[in-house]
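Chains as they are written, first to last, in our numbering: chain G, 977 to 1396; chain S, 195 to 339.
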């Protein structure tokens, strides 16, 4: 366990909070700019050069808006909801590596014939050496790592339920019901997808997961677990209520979903929580599947330690930013699902695929087959699932309403035939 | 002061709460930030304060609200919650095994002595889970109507 150092902790907390807030603001801008680019508009371009100060203007606007607390709300829970949302979102950042990391040392093997005093001495030296290393994590060496992130992700449901229920409005209630059903359903494929990686690394600690991918060359888990990466990213988008899974706040049907009745900074905190979730998901994908701070040995080119550390921070954050922008492009590429499609996708497609993938990893590791086998099984499962979906009239791809072809001989422009 | 602990994998430092101190401090700061932002935004003197009857109504696309919002909701949402509970608890059973089963940190001795047993136990566990999954599928629990 590393020694607790108040100064480093304070610096990292300030960096994390300021980074998360600033990034969330600029992600709103990039979201609007990408939307504009795809829809052939200009997007925000009035505040500052090219709209660069738009996030600041937005923040000031959020603060200066009238604080409306509607008369019909359950006041305690109504005010608690944004607090719960934003704190659970921000708290998950505590175990996420944002730069170069050193994994905690493995347990010391006990050779026969060694005296306890020698062993303890050796362990103390090992720990002292570990404490010399700097890790760009707020709480380094935490052995629950990824479980902590998942736990806080589950807690985020409370913010949504509290907001929807206490608002006492029909749109909010519908939005919160949908959101909670969606978030709990996609939690399972999320856990299943990452189990394969945990089997391969044997640790929940995120620093160790990075180390396993880098210590023998660039063995990123995207190479061995492409299917798990796909399941993981789909589940993460659903967890974050990103399009194509934003049923919870589908603007065209539910106005704002669970935050319909929120205004001013209360709404600001809710939106901030959403973008922080997106950032954390991208960090998780980067760390678990994309090799963290490694980039084909490029990170080792600079000999100087300080420069290397900076470079690794840049690589990790660059990968994260790429994934965030990818999510924002996806938003404008794939249209929204229907709710029954969404639930069927989780329960009938992602969970069986996750279980089969887990079974493959188990078998391969138990019999000591090479890891490359897993790439094959992943691709086989993916292609097999695709093949089955074309053979089998599934409820995800096929419309539930009966489609009746029009009788021949109708004049052009007639799109329905009257029933006789 | 570090306390050594002997585990099947070897000698490890014991659990120390000090590893969680940064998270505790961070939690306090984050809570302070969230509550502080709300209070500051509430107390700011610059902002308009003109509550009207219409502003304080539940929003229903400009119409006067009809009935109460405390609606009964469909039992299928409860069903999803129950299914989630079952599968999530099953997953939680798998995490400890996943950490110790094949990782470099678990000892060779553990793997030769118990690895096979653990593997087949998990296979049986997953088979039971798959059976339950098949039953639920045929029962129509996963079909959203």
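Don't be surprised by glycine CBs; every beta carbon is placed ideally from N, CA and C.
Kindly indicate the opening and closing residues of the alpha helix (DSSP H) around residue i.
{"i": "residue 1092 of chain G", "result": "1092 to 1108"}
{"i": "residue 1328 of chain G", "result": "1327 to 1342"}
{"i": "residue 1317 of chain G", "result": "1315 to 1320"}
{"i": "residue 1215 of chain G", "result": "1202 to 1215"}
{"i": "residue 1445 of chain G", "result": "Because chain G in this structure spans residues 977 to 1396, residue 1445 of chain G falls outside the shown range and cannot be described."}
{"i": "residue 1034 of chain G", "result": "1030 to 1040"}
{"i": "residue 1189 of chain G", "result": "1182 to 1190"}
{"i": "residue 1304 of chain G", "result": "1281 to 1307"}
{"i": "residue 223 of chain S", "result": "215 to 237"}
{"i": "residue 315 of chain S", "result": "310 to 333"}
{"i": "residue 289 of chain S", "result": "269 to 295"}
{"i": "residue 1051 of chain G", "result": "1051 to 1067"}
{"i": "residue 1002 of chain G", "result": "982 to 1014"}
{"i": "residue 307 of chain S", "result": "It is not in any alpha helix (DSSP H) - residue 307 of chain S carries neither H nor E in the DSSP assignment."}
{"i": "residue 1276 of chain G", "result": "Unbroken run through residue 1276 of chain G: none, as it is neither H nor E."}
{"i": "residue 1250 of chain G", "result": "1240 to 1265"}
{"i": "residue 1122 of chain G", "result": "1121 to 1142"}
{"i": "residue 1353 of chain G", "result": "1348 to 1367"}
Look at the Cβ atom of residue i, then the Cβ atom of residue j, and state whether they are nearer than 7 Å.
{"i": "residue 226 of chain S", "j": "residue 1063 of chain G", "result": "no"}
{"i": "residue 205 of chain S", "j": "residue 1219 of chain G", "result": "no"}
{"i": "residue 1341 of chain G", "j": "residue 1175 of chain G", "result": "yes"}
{"i": "residue 1278 of chain G", "j": "residue 1284 of chain G", "result": "yes"}
{"i": "residue 218 of chain S", "j": "residue 208 of chain S", "result": "no"}
{"i": "residue 1070 of chain G", "j": "residue 214 of chain S", "result": "no"}
{"i": "residue 1400 of chain G", "j": "residue 992 of chain G", "result": "Residue 1400 of chain G lies beyond the residue range present for chain G, which begins at 977 and ends at 1396; the question has no answer from this structure."}
{"i": "residue 1039 of chain G", "j": "residue 1075 of chain G", "result": "no"}
{"i": "residue 1048 of chain G", "j": "residue 252 of chain S", "result": "yes"}
{"i": "residue 292 of chain S", "j": "residue 1171 of chain G", "result": "yes"}
{"i": "residue 1157 of chain G", "j": "residue 271 of chain S", "result": "yes"}
{"i": "residue 1318 of chain G", "j": "residue 1114 of chain G", "result": "no"}
{"i": "residue 1316 of chain G", "j": "residue 338 of chain S", "result": "yes"}
{"i": "residue 1065 of chain G", "j": "residue 1214 of chain G", "result": "no"}
{"i": "residue 1067 of chain G", "j": "residue 1128 of chain G", "result": "yes"}
{"i": "residue 990 of chain G", "j": "residue 249 of chain S", "result": "no"}
{"i": "residue 1002 of chain G", "j": "residue 1031 of chain G", "result": "yes"}
{"i": "residue 1145 of chain G", "j": "residue 1053 of chain G", "result": "no"}
{"i": "residue 1110 of chain G", "j": "residue 216 of chain S", "result": "no"}
Ignore the nearest five residues each way along the sequence and tell me which others in residue i's own chain have a CB closer than 6 Å to its CB.
{"i": "residue 1347 of chain G", "result": "1200"}
{"i": "residue 1233 of chain G", "result": "1151, 1224 and 1225"}
{"i": "residue 1322 of chain G", "result": "1161 and 1162"}
{"i": "residue 1149 of chain G", "result": "1140"}
{"i": "residue 1271 of chain G", "result": "1291"}
{"i": "residue 1125 of chain G", "result": "1068"}
{"i": "residue 1188 of chain G", "result": "1177"}
Using 8 Å for Cβ pairs, my map puts residue i next to residue j. What's the rounded Cβ distance?
{"i": "residue 1266 of chain G", "j": "residue 1368 of chain G", "result": "Incorrect: roughly 33 Å between the Cβ atoms, too far for contact."}
{"i": "residue 297 of chain S", "j": "residue 1177 of chain G", "result": "6 Å"}
{"i": "residue 1357 of chain G", "j": "residue 1203 of chain G", "result": "6 Å"}
{"i": "residue 1061 of chain G", "j": "residue 995 of chain G", "result": "That belief does not hold up - the Cβ atoms of residue 1061 of chain G and residue 995 of chain G are roughly 19 Å apart, past 8 Å."}
{"i": "residue 1263 of chain G", "j": "residue 1210 of chain G", "result": "Between residue 1210 of chain G and residue 1263 of chain G the Cβ distance is about 18 Å, and since that is not below 8 Å, they are no contact."}
{"i": "residue 1059 of chain G", "j": "residue 232 of chain S", "result": "7 Å"}
{"i": "residue 1079 of chain G", "j": "residue 1102 of chain G", "result": "About 12 Å separates the two Cβ atoms, so there is no contact after all."}
For residue i, return the contacting residues in chain B, with the cut-off set at a CB-CB distance below 8 Å.
{"i": "residue 229 of chain S", "result": "Here the protein chains are G and S, and chain B is not one of them."}
Between which residues of its own chain and residue i is the CB-CB distance below 7 Å, once the five residues before and five after are set aside?
{"i": "residue 977 of chain G", "result": "Any answer about residue 977 of chain G is weak, because its pLDDT of 49 lies below 50 and its placement is not dependable; what the coordinates show is given next. Cβ neighbours of residue 977 of chain G beyond the five flanking positions: 1117."}
{"i": "residue 1350 of chain G", "result": "1200, 1201, 1336, 1337 and 1340"}
{"i": "residue 1330 of chain G", "result": "1165, 1168, 1169 and 1207"}
{"i": "residue 1198 of chain G", "result": "1205, 1265 and 1266"}
{"i": "residue 980 of chain G", "result": "none"}
{"i": "residue 1006 of chain G", "result": "1301 and 1304"}
{"i": "residue 1244 of chain G", "result": "1038"}
{"i": "residue 1018 of chain G", "result": "1012"}
On the DSSP letters alone, give me the boundaries of the beta strand (DSSP E) that residue i sits inside.
{"i": "residue 206 of chain S", "result": "204 to 207"}
{"i": "residue 198 of chain S", "result": "198 to 201"}
Residues in the same chain with beta-carbon distance under 8 Å from residue i, minus the five sequence neighbours each way, listed in chain order, please.
{"i": "residue 999 of chain G", "result": "1251 and 1255"}
{"i": "residue 1289 of chain G", "result": "1074, 1075, 1076, 1112 and 1269"}
{"i": "residue 1095 of chain G", "result": "1084 and 1086"}
{"i": "residue 1092 of chain G", "result": "none"}
{"i": "residue 254 of chain S", "result": "260"}
{"i": "residue 326 of chain S", "result": "280"}
{"i": "residue 1391 of chain G", "result": "1382"}
If we count Cβ pairs, one from each stretch, closer than 8 Å, do we get three or more for the stretch 236 to 256 of chain S versus the stretch 1230 to 1248 of chain G?
yes
Are the stretch 1110 to 1119 of chain G and the stretch 1179 to 1194 of chain G touching by the rule of at least three beta carbon pairs closer than 8 Å?
yes
Please determine if the stretch 275 to 291 of chain S and the stretch 1158 to 1165 of chain G are in contact, where contact requires at least 3 C-beta pairs separated by less than 8 Å.
Because the criterion of three Cβ pairs below 8 Å is met, the stretch 275 to 291 of chain S and the stretch 1158 to 1165 of chain G touch.
Does the count of Cβ pairs from the stretch 1295 to 1302 of chain G and the stretch 1243 to 1260 of chain G closer than 8 Å reach three?
yes
Say whether the stretch 1007 to 1021 of chain G touches the stretch 1304 to 1312 of chain G, bearing in mind that this needs 3 or more beta-carbon pairs closer than 8 Å, one atom from each stretch.
yes
Would you call the stretch 308 to 316 of chain S and the stretch 244 to 260 of chain S touching, i.e. three or more CB-CB distances under 8 Å?
no
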